[in-house]
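Shown next, in structure tokens, is the structure this report addresses.
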Amino acid sequence: MKKILVYLEAQKDALKRSSYEVISAATQIAAEASVSVTGVLVNGTEQQAKTAGEYGLTDVIIAKHNVAGIYSSTATAKIVADCAKAEGADCVLFSGNAAGLEVAPRVSVKLEAGYVADCVELNVDGGTITALKPVYGGKAAVKAKVNTENQIYSLRPNVFTAKANPADCAVREMSPEVSADDAKAQVTSVTKNEGKLDVLEADAIVSGGRGIKAPENYNIIEDLADALGGAVGASRAVVDAGWRPHSEQVGQTGKTVAPSLYIAAAISGAVQHMAGITTSKFIVAINKDKDAPIFSACDYGIVGDIFDVLPKLTEKIKAVKG
Amino acid sequence: MNILVCISRVPDTASRILIGSDSKTIDPAGIKYVVNPYDEFGLEEALRLRTKNGGEVTAVTVGTAASTDVMRTALAMGADKVVLIKSENEPTDSFYVAKNIAELAKEISPDLILCGRQSVDYDSFQMTSVLAELLDMPSVSIVSALTVDSDKLTAERDIEGGKETVEAPLPCIISAQKGLNEPRYPKLPDIMKAKRKAIEERDAIPSEERVTISEMSILSKQRVGTILSDSDEDIAELVRLLHEDAKVI
Ligand SMILES: Cc1cc2nc3c(=O)[nH]c(=O)nc-3n(C[C@H](O)[C@H](O)[C@H](O)COP(=O)(O)OP(=O)(O)OC[C@H]3O[C@@H](n4cnc5c(N)ncnc54)[C@H](O)[C@@H]3O)c2cc1C
Ligand SMILES: Nc1ncnc2c1ncn2[C@@H]1O[C@H](COP(=O)(O)O)[C@@H](O)[C@H]1O
Numbered sequence: 001m002k003k004i005l006v007y008l009e010a011q012k013d014a015l016k017r018s019s020y021e022v023i024s025a026a027t028q029i030a031a032e033a034s035v036s037v038t039g040v041l042v043n044g045t046e047q048q049a050k051t052a053g054e055y056g057l058t059d060v061i062i063a064k065h066n067v068a069g070i071y072s073s074t075a076t077a078k079i080v081a082d083c084a085k086a087e088g089a090d091c092v093l094f095s096g097n098a099a100g101l102e103v104a105p106r107v108s109v110k111l112e113a114g115y116v117a118d119c120v121e122l123n124v125d126g127g128t129i130t131a132l133k134p135v136y137g138g139k140a141a142v143k144a145k146v147n148t149e150n151q152i153y154s155l156r157p158n159v160f161t162a163k164a165n166p167a168d169c170a171v172r173e174m175s176p177e178v179s180a181d182d183a184k185a186q187v188t189s190v191t192k193n194e195g196k197l198d199v200l201e202a203d204a205i206v207s208g209g210r211g212i213k214a215p216e217n218y219n220i221i222e223d224l225a226d227a228l229g230g231a232v233g234a235s236r237a238v239v240d241a242g243w244r245p246h247s248e249q250v251g252q253t254g255k256t257v258a259p260s261l262y263i264a265a266a267i268s269g270a271v272q273h274m275a276g277i278t279t280s281k282f283i284v285a286i287n288k289d290k291d292a293p294i295f296s297a298c299d300y301g302i303v304g305d306i307f308d309v310l311p312k313l314t315e316k317i318k319a320v321k322g
Numbered sequence: 323m324n325i326l327v328c329i330s331r332v333p334d335t336a337s338r339i340l341i342g343s344d345s346k347t348i349d350p351a352g353i354k355y356v357v358n359p360y361d362e363f364g365l366e367e368a369l370r371l372r373t374k375n376g377g378e379v380t381a382v383t384v385g386t387a388a389s390t391d392v393m394r395t396a397l398a399m400g401a402d403k404v405v406l407i408k409s410e411n412e413p414t415d416s417f418y419v420a421k422n423i424a425e426l427a428k429e430i431s432p433d434l435i436l437c438g439r440q441s442v443d444y445d446s447f448q449m450t451s452v453l454a455e456l457l458d459m460p461s462v463s464i465v466s467a468l469t470v471d472s473d474k475l476t477a478e479r480d481i482e483g484g485k486e487t488v489e490a491p492l493p494c495i496i497s498a499q500k501g502l503n504e505p506r507y508p509k510l511p512d513i514m515k516a517k518r519k520a521i522e523e524r525d526a527i528p529s530e531e532r533v534t535i536s537e538m539s540i541l542s543k544q545r546v547g548t549i550l551s552d553s554d555e556d557i558a559e560l561v562r563l564l565h566e567d568a569k570v571i
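Those protein sequences? They're chains A and B, same order as listed.
Counting from 1, one number per residue, gives the positions in the first sequence under our numbering.
Counting from 323, one number per residue, gives the positions in the second sequence under our numbering.
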């Protein structure tokens with residue numbers, strides 16, 4: 001390995017948390033393999049770029065261009081690949097979020113690099129990386145090794161810890177060579193789910209299952225999520241019943257989440273649901289059936305009725321959080 | 323409008339996964355294989371676009387001879403033509419699969435290529451973009467709503483905390499997400515007819531393996547599983563455990 005390039009994304013005045021996670025992983029690998037790390041931020045500001053220093057990244061390139069409107073995955077891929085070539089980086093790291101999962105494979109083709117997506121561990125041994133990545137919807141995992149000279153990985157969000165490691169960050173600017181022809185796929189508008197935290201961005205998630213019985217009962221789920229400062233999720237049974245939107249579905253055909261705390265309320269624990277939560281740090285189950293499968297795959301469980309337990313749990317958590 | 327749909331053959335999502343004797347792949351005993359659920363959305367979308375615009379729907383799978391079962395499902399759902407690109411072993415390298423599909427795509431010049439968001443076996447999350455890059459086409463991943471005009475498409479794509487609207491000229495590749503449509507169930511007469519239809523077969527072109535899998539293990543972390551009652555004391559104990567032991571609140 002010669003050098004690592006990390007793809008950075010900004011949000012407001014800073015970088016996205018997922019970018020800090022990738023920076024932490026990259027700086028750690030770089031230290032073990034004795035190579036340097038550079039970040040690339042497309043169309044960002046110096047203020048945003050500088051925050052990379054808080055997590056130990058000392059060199060960031062801002063690639064400024066105005067060919068695409070809001071964003072273009074095709075143009076971004078070209079910029080990142082060109083930047084890797086110019087910097088002599090043979091290893092590129094992305095967050096495995098919606099943007100990273102779309103751009104990284106394109107960069108892999110441009111750099112003739114092997115690419116492993118959605119990694120949950122990167123282990124370095126004598127400069128060689130072995131990635132651990134979930135397969136079969138999280139029921140199993142494989143160790144994967146890239147055979148090509150250039151290598152690319154994307155990291156599952158929330159799994160790698162962003163470790164504060166303050167350093168001075170030098171920011172450089174470059175003008176990438178991109179034309180309108182490189183920006184064939186163009187984002188024309190973005191709609192945010194108003195005021196709601198997404199399960200993919202939350203550090204605590206409370207999901208409801210079929211036992212919630214009616215959509216108007218979801219307030220007990222929402223209250224607990226609010227007390228935790230977390231997001232609301234749902235099992236497929238709840239989404240299929242039309243009680244909650246698909247954007248909240250957790251599981252193999254919903255979202256794969258990895259929060260610090262996942263609370264499953266009145267969810268039986270079907271394999272397809274569990275597949276989406278295996279990399280959560282702590283799983284709590286509340287179910288009135290003591291034999292529900294979820295009790296054999298959780299860290300803590302309460303056998304009881306959610307309509308009785310959830311409000312009490314919410315009050316007690318509020319008391320602890322002050 | 324000619325459409326190519328990429329179909330991956332995967333274990334039914336309800337399958338229990340056991341590691342095979344080679345420690346690299348799963349034990350196939352007792353596993354029911356199906357069309358990757360996301361590819362059903364892709365095929366359904368293709369069939370609806372054909373109804374609207376005419377043209378031909380071709381489905382392709384890169385896999386072993388065993389893959390004919392999912393090719394028949396694609397025929398039963400309504401694909402005009404299916405192509406099995408035959409490889410000796412179950413393909414695990416995404417680049418190899420994409421290269422082979424790209425070769426076919428160059429022959430049939432589709433206006434639109436549909437993949438699934440991910441193949442729920444290796445969850446490689448890359449076919450759509452790799453294929454697009456190999457064919458020098460734009461692409462949009464994780465699409466939950468699609469409008470196709472004569473020379474461009476508009477797609478709604480799921481991102482963290484919201485949606486993006488993306489425009490791209492044809493030919494283009496998209497990957498299907500749940501919500502795009504409700505896939506049809508093939509009817510019995512169509513299933514019977516599909517049994518007699520031809521499956522075009524060709525041998526896969528070998529290519530370098532860019533990523534090698536060395537070991538497979540069951541991921542499920544051993545969870546301690548402290549099970550409590552619904553008494554007030556136990557609920558308080560849960561909060562204490564989360565606060566003091568797990569330190570997550
Ligand atoms: C191709 C495919 C993909 C799938 N993908 C997903 C996916 O992504 N995500 C997903 O979640 N599922 C998925 N499923 C569905 C999955 O198999 C289950 O059907 C689903 O997860 C069940 O949801 P549930 O646990 O809410 O409901 P149920 O299995 O009906 O369980 C309800 C639970 O609530 C408990 N309960 C009832 N009332 C109360 C109460 N008052 N207090 C406490 N407990 C109570 C019951 O004891 C029971 O355990 C998929 C299935 C297929 C075939
Ligand atoms: N062996 C295969 N043959 C045909 N299509 C495939 C194959 N593997 C993956 N695909 C397509 O690529 C999509 C994404 O898969 P992946 O990138 O492998 O997770 C799938 O939903 C399929 O549409």
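By construction, the Cβ of each residue, glycine as well, lies at the ideal position given by its N, Cα and C atoms.
Any heavy atom of ligand 2 closer than 7 Å to the beta-carbon of residue i?
| i | result |
| --- | --- |
| residue 494 of chain B | no |
| residue 328 of chain B | yes |
| residue 419 of chain B | yes |
| residue 280 of chain B | It is not possible to answer for residue 280 of chain B, since the shown part of chain B is limited to 323 through 571. |
| residue 514 of chain B | no |
| residue 88 of chain A | no |
| residue 491 of chain B | no |
| residue 382 of chain B | yes |
| residue 134 of chain A | no |
| residue 441 of chain B | yes |
| residue 447 of chain B | yes |
| residue 414 of chain B | no |
| residue 497 of chain B | yes |
| residue 437 of chain B | yes |
| residue 385 of chain B | yes |
Can you list the residues of chain A that residue i reaches, using a CB-CB cut of under 9 Å?
| i | result |
| --- | --- |
| residue 349 of chain B | Per Cβ cutoff of 9 Å: no residues; residue 349 of chain B is ~11 Å from chain A at best. |
| residue 388 of chain B | Result: empty, since nearest Cβ-Cβ is about 17 Å, beyond 9 Å. |
| residue 359 of chain B | 252 and 253 |
| residue 531 of chain B | 114 and 147 |
| residue 455 of chain B | 74, 77, 105, 106, 107, 108, 109 and 110 |
| residue 550 of chain B | 300, 301, 302, 303 and 304 |
Around the Cβ of residue i, are there at least 16 other Cβ atoms within 10 angstroms (buried) or fewer (exposed)?
| i | result |
| --- | --- |
| residue 166 of chain A | exposed |
| residue 272 of chain A | buried |
| residue 208 of chain A | buried |
| residue 358 of chain B | buried |
| residue 540 of chain B | exposed |
| residue 529 of chain B | exposed |
| residue 496 of chain B | buried |
| residue 367 of chain B | buried |
| residue 482 of chain B | buried |
| residue 572 of chain B | This structure gives no information on residue 572 of chain B, because the portion of chain B shown stretches from 323 to 571. |
| residue 123 of chain A | exposed |
| residue 219 of chain A | exposed |
| residue 536 of chain B | exposed |
Excluding five sequence neighbours on each side, which residues of the same chain lie with their C-beta closer than 6 Å to the C-beta of residue i?
| i | result |
| --- | --- |
| residue 215 of chain A | 243 |
| residue 203 of chain A | 259 and 260 |
| residue 433 of chain B | 323, 324, 492 and 493 |
| residue 180 of chain A | 67 |
Show which residues of chain A have a CB atom less than 8 Å away from the CB atom of residue i.
| i | result |
| --- | --- |
| residue 447 of chain B | 96, 101, 105, 117, 118 and 154 |
| residue 491 of chain B | 184 |
| residue 434 of chain B | None at all; the shortest Cβ gap to chain A is about 14 Å. |
Excluding the 5 residues flanking residue i on each side, which residues of the same chain have their C-beta closer than 8 Å to its C-beta?
| i | result |
| --- | --- |
| residue 27 of chain A | 37, 55, 56, 57 and 165 |
| residue 95 of chain A | 7, 9, 16, 18, 19, 21, 22, 154, 155 and 157 |
| residue 148 of chain A | 112, 113 and 114 |
| residue 425 of chain B | 527 |
For a contact meaning CB atoms closer than 7 Å, what does residue i contact in chain B?
| i | result |
| --- | --- |
| residue 191 of chain A | 484 and 485 |
| residue 149 of chain A | Going along chain B, no residue has its Cβ under 7 Å from residue 149 of chain A, so there is no contact; the nearest lies around 11 Å. |
| residue 317 of chain A | 561 and 571 |
Give me, in chain order, the residues of the same chain whose beta-carbon lies closer than 7 Å to that of residue i; leave out the 5 immediate sequence neighbours on both sides.
| i | result |
| --- | --- |
| residue 476 of chain B | 469, 487 and 489 |
| residue 51 of chain A | 14 and 15 |
So residue i contacts chain B; which residues on that side make the cut at Cβ distance below 8 Å?
| i | result |
| --- | --- |
| residue 281 of chain A | 568 and 570 |
| residue 321 of chain A | 571 |
| residue 166 of chain A | Simply none; closest approach about 23 Å. |
**Prompt:** For ligand 1, which residues have a Cβ under 5 Å from at least one heavy atom, in chain order?
**Reply:** The set of residues with any CB-heavy atom separation to ligand 1 below 5 Å comprises, in chain order, A:209, A:210, A:211, A:235, A:236, A:237, A:251, A:252, A:253, A:254, A:266, A:267, A:268, A:270, A:272, A:273, A:287, A:288, A:289, A:292, A:305, A:306, B:335 and B:359.
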